[in-house]
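Protein chains in written order, with the numbering used here: chain Z, 13 to 335; chain E, 13 to 335.
Written out as structure tokens, the structure is:
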């Protein structure tokens with residue numbers, strides 16, 4: 013986790029911007045501005061709307077990345093938003109990851125993959141790249157992710173391939189432990205006959221999965237996803253998982269506050285990175301400055317300015333509660 | 013689940029062929045045969061090996077689909093194998109799904125997605141398609157899946173969007189309950205303070221998620237993944253989940269036998285479909301008929317013939333244990 017921790021130190025900002033575009037979040041004139049280009053380039057008319065939205069997602073992300081790259085350490089594109097558009101969306105996802113990396117950002121691919129061992133090894137290609145036909149420069153990397161999120165429900169043999177791939181490529185993973193959504197309690201909070209709850213047992217597995225990969229900043233390559241909506245549990249997990257870095261969703265739009273996440277950090281103010289998606293990338297909708305008659309260019313400028321301001325406000329909000 | 017059950021009845025074959033290509037499973041001359049075409053069509057040399065392997069995967073799948081479409085009801089492409097190649101692999105995945113559907117096969121996309129509510133709604137686009145720009149023929153469907161597998165760790169609000177999308181599109185989902193891998197016991201078998209084990213609690217959730225979507229053949233749109241490697245648990249789950257159709261991985265290469273899966277079927281011989289991947293699509297490697305000097309065309313013929321023979325053998329093996 014050293015690269016991420018160093019990026020956080022360089023920006024003095026433990027926050028990550030979730031690049032989770034939706035049709036509602038991208039100003040309509042930005043989407044419309046690609047209609048002609050897509051009509052020219054995409055042969056089958058049925059494929060055009062998804063392709064048009066995908067291109068708009070990338071341009072929207074690009075405007076946001078340009079506006080925040082010097083003040084945040086990382087971005088976290090949520091692949092679901094892109095998969096919703098099919099392969100054209102997946103292209104926009106990888107282009108977004110590549111563009112963010114080229115601007116010095118650490119890219120957390122929020123893919124929540126998980127499967128049995130042999131299949132997990134294929135998913136771990138997200139981190140290790142494609143060995144087939146690799147030249148002297150090493151494996152081909154089509155995904156451009158520095159870390160990915162994974163689902164622990166299948167146990168150790170579904171995680172080991174990711175840990176190995178992360179170690180070989182100087183990358184990281186984050187395993188779901190305690191998610192931020194209301195129904196997360198249904199399985200994660202179940203009390204165990206042997207004491208503790210399911211998520212605590214998973215927490216112990218995650219801490220163990222990271223053993224042997226602890227970096228110079230004390231954290232392993234296996235992080236944990238711990239929702240901001242569970243502040244007390246987060247504080248307890250911080251103590252329980254001393255070598256596990258936390259990725260904390262749920263701040264902002266989902267209701268988590270800086271005070272809620274304060275306990276996720278360690279005594280030195282490290283140990284966690286807090287995500288906000290809509291609160292940053294959709295900040296333009298709350299400025300009052302948007303108009304349907306703006307040009308696409310002006311609308312993207314508004315998106316970018318509002319995202320930067322919101323990212324600065326979030327950074328300062330978090331700094332105020334840091335030890 | 014009616015469409016799948018009817019497809020099984022039509023073929024009298026409760027098995028599904030896992031289309032999980034790897035570099036080792038595709039004869040080398042098939043991969044090599046696309047080198048020139050890819051060199052012409054793919055501008056950036058770095059992109060070529062993954063693109064070449066992806067095209068080879070599709071041709072391999074196509075040969076297998078042509079050979080089995082009249083004797084099996086369904087195929088289950090594992091998206092991890094395709095994601096390992098990046099966007100070019102994802103294209104091969106959707107092309108495979110589309111080709112299988114065009115040959116009358118029910119396509120189970122083994123994607124094991126799962127996330128919080130709003131994000132799960134985006135993933136559910138795999139089933140619902142793209143609403144943006146939809147014409148009179150309804151949403152654009154880039155994925156061509158009839159069902160997808162989902163991960164239950166985030167609870168009800170992560171599953172509901174899939175159930176709604178499945179219902180609207182006359183499709184289905186399968187939630188992981190008891191997976192076939194060795195480490196599955198680490199979380200799934202934990203004993204609960206309130207009695208039972210984690211996977212049994214998940215089983216009850218899955219049965220509940222399907223309520224209100226029960227079709228005319230008695231099963232709901234929410235199936236369960238139950239590994240063949242747990243025959244006793246599978247038998248007990250069959251009784252515990254009367255409206256839940258089972259997708260059973262782990263037969264063949266993973267060690268499960270027809271006897272092991274017998275208890276997954278209901279008294280009428282319905283209620284489950286058994287997957288085999290390598291045992292079918294890699295059957296050519298055990299024929300003794302392969303030679304490195306064969307043409308690509310001959311190698312694909314061998315793949316196809318061996319897959320058909322293996323699919324027939326599996327069908328007959330399962331029929332022998334059916335009630």
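All residues carry an ideal CB built from backbone N, CA and C; glycine is no exception.
- For the segment 152-174 of chain E, the set of residues with a beta-carbon nearer than 7 angstroms to any beta-carbon of chain Z comprises 152, 154, 155, 163, 164, 165, 166, 167, 168, 169, 170, in chain order.
- The C-beta of residue 144 (chain E) comes closer than 8 angstroms to at least one C-beta of chain Z.
- When rounded, the separation of the alpha-carbon atoms in residue 321 (chain Z) and residue 157 (chain Z) is 26 angstroms.
- Here the alpha carbon of residue 83 (chain E) sits roughly 43 angstroms from the alpha carbon of residue 191 (chain Z).
- As a beta-bridge residue in DSSP terms, residue 203 (chain Z) pairs with Z:209.
- Distances from the CA of residue 335 (chain Z) to each of Z:55, Z:284, Z:249 were compared; the closest alpha carbon is that of Z:284.
- Per DSSP, residue 83 (chain Z) is not a residue of any alpha helix (DSSP H), being assigned neither H nor E.
- Interface flag for residue 124 (chain E) against chain Z is set, since a Cβ pair is found closer than 8 angstroms.
- Judged by DSSP secondary structure, residue 143 (chain Z) falls outside any alpha helix (DSSP H) and instead within the beta strand (DSSP E) spanning 142-147.
- About 17 angstroms separates the beta carbon of residue 47 (chain E) from that of residue 101 (chain E), a gap too long to meet the 8 angstroms contact definition.
- Among the residues facing chain Z, residue 235 (chain E) is not included, as its CB has no counterpart in that chain under 8 angstroms away.
- When beta bridges are read from the DSSP output, residue 152 (chain E) appears opposite E:142.
- Here residue 272 (chain E) is buried, its C-beta having at least 16 other C-beta atoms within 10 Å.
- Look at the beta carbons and you see the segment 164-184 of chain E not touching the segment 77-91 of chain Z: under three pairs across the two are nearer than 8 angstroms.
- One finds nothing in chain E with a Cβ atom closer than 7 angstroms to the Cβ of residue 41 (chain Z); even the nearest lies about 15 angstroms away.
- The three-state reading of DSSP puts residue 230 (chain E) in coil, since its state is none of H, G, I, E or B.
- Here the alpha carbons of residue 145 (chain Z) and residue 210 (chain E) stand approximately 43 angstroms from one another.
- For residue 242 (chain Z), no CB of chain E lies under 8 angstroms from its own CB, so it is not counted at the interface with that chain.
- In the three-state DSSP reduction, residue 287 (chain E) falls in the strand class (E or B).
- When C-beta atoms of the segment 288-300 of chain Z are compared with those of the segment 315-329 of chain Z, three or more pairs fall below 8 angstroms, so the two segments count as touching.
- Take the alpha-carbon of residue 296 (chain E) and the one of residue 27 (chain E): they are about 19 angstroms apart.
- At a Cβ-Cβ threshold of 8 angstroms, residue 63 (chain Z) and residue 134 (chain E) do not count as neighbours.
- Between residue 237 (chain E) and the set E:71, E:259, E:217, the nearest pair of CA atoms involves E:259.
- For residue 128 (chain E), the nearest beta carbon of chain Z is closer than 8 angstroms to its own beta carbon.
- Per DSSP, the unbroken beta strand (DSSP E) holding residue 184 (chain E) starts and ends at 184-190.
- Annotated three-state conformation of residue 257 (chain Z) is coil, per DSSP.
- With fewer than 16 other Cβ atoms inside 10 Å of its own Cβ, residue 114 (chain E) counts as exposed.
- Between residue 15 (chain Z) and residue 111 (chain Z), the C-beta spacing is not below 8 angstroms.
- Residue 150 (chain E) counts as exposed, since fewer than 16 other C-beta atoms from the protein chains shown sit within 10 angstroms of its C-beta.
- Chain-ordered, the chain E residues with CB closer than 8 angstroms to the CB of residue 103 (chain Z) read 99.
- Distance check between residue 140 (chain Z) and each of Z:176, Z:246, Z:105 places Z:176 closest, using alpha-carbon atoms only.
- Closest in C-alpha terms to residue 142 (chain Z), from the list E:276, E:20, E:35, E:120, comes E:35.
- For residue 132 (chain Z), the CB contacts under 6 angstroms within the same chain, skipping 5 residues up- and downstream, are 170, 173 in chain order.
- Note that the C-beta distance between residue 155 (chain Z) and residue 98 (chain E) is below 8 angstroms.
- Contact with chain E is absent for residue 220 (chain Z), since none of that chain's Cβ atoms lies less than 8 angstroms from the residue's Cβ.
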